[in-house]
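Data block below; observations after.
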Amino acid sequence: MPQQNDYFADIYQKLNTWLTEVKVQQKPNIDEFIKQAKLYAGAAEAMTEEKLQQFTDNLKYDLHDFYQLNKSQAKHSVYLGLLNEALWENLGKLTDKSQVEWAELVDDFNHDGVYKSGDYIGFGELQCEQCDEKLTITHFSEIGTCANCGATDFIRLPLKP
Numbered sequence: 003m004p005q006q007n008d009y010f011a012d013i014y015q016k017l018n019t020w021l022t023e024v025k026v027q028q029k030p031n032i033d034e035f036i037k038q039a040k041l042y043a044g045a046a047e048a049m050t051e052e053k054l055q056q057f058t059d060n061l062k063y064d065l066h067d068f069y070q071l072n073k074s075q076a077k078h079s080v081y082l083g084l085l086n087e088a089l090w091e092n093l094g095k096l097t098d099k100s101q102v103e104w105a106e107l108v109d110d111f112n113h114d115g116v117y118k119s120g121d122y123i124g125f126g127e128l129q130c131e132q133c134d135e136k137l138t139i140t141h142f143s144e145i146g147t148c149a150n151c152g153a154t155d156f157i158r159l160p161l162k163p
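For the sequence shown, the working numbering gives the first residue as 3, with consecutive numbering after it.
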């Protein structure tokens with residue numbers, strides 16, 4: 003067993019070396035962050051309520067202005083679209099799907115289980131009636147055409163627990 007002890011000692015040594023390197027590299031960053039935070043806190047304490055309100059209003063205006071200038075660019079951003087879908091997918095995984103299925107059941111009765119492009123669905127999995135391609139819906143959205151064949155009719159599949 004001396005080899006296994008050497009193996010664990012080697013891992014321990016590598017971990018210790020890595021932690022030491024991280025500490026040396028990150029300590030200046032942490033010190034600078036704390037220094038900046040103290041300066042901001044001091045400046046905020048010295049501000050009058052009126053100046054603080056003016057600063058807050060200006061920040062809101064600037065953020066709104068930035069949003070307006072970049073709204074169309076953000077709307078067509080592939081990265082932000084994927085980030086949005088990933089967020090909804092992760093939230094969907096946390097959801098009690100049996101509760102969601104009960105909430106969607108009334109909608110299923112109204113559609114008779116068949117959905118068309120242009121319909122809205124809150125959550126679930128659809129299957130194209132023409133080519134059996136599956137489409138996963140993670141949040142309330144409008145159903146488009148089948149990405150595989152362009153068909154417009156879908157059947158909603160039951161949720162998996």
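Backbone N, C-alpha and C fix where the C-beta goes; we use that ideal spot for every residue, glycine too.
Look at T22 here: in three-state DSSP terms it is helix. The beta carbons of I157 and I123 sit about 12 Å from each other, so the pair does not count as a contact at 8 Å.
In the structure shown, T58 adopts helical secondary structure according to DSSP, grouped into three states. The Cβ neighbour count for F125, taken over all protein chains shown within 10 Å, is at least 16; the residue is labelled buried.
Beyond the five residues adjoining it in sequence on each side, Q132 comes within less than 8 Å, by CB distance, of C148, C151, A153, D155 in the same chain, given in chain order.
With contacts defined as CB atoms closer than 8 Å, E135 and L159 fail to qualify as a contacting pair. Here L54 is not near A43, since their CB atoms are 8 Å or more apart. DSSP places I32 within a helical segment (H, G or I) once states are collapsed to three. Using a 10 angstroms sphere on the CB of L65, the tally of other CB atoms stays under 16, which defines it as exposed.
Around the Cβ of Y9, a 10 Å sphere holds fewer than 16 other Cβ atoms; the residue is exposed. Looking at the DSSP output, S79 bridges to nothing.
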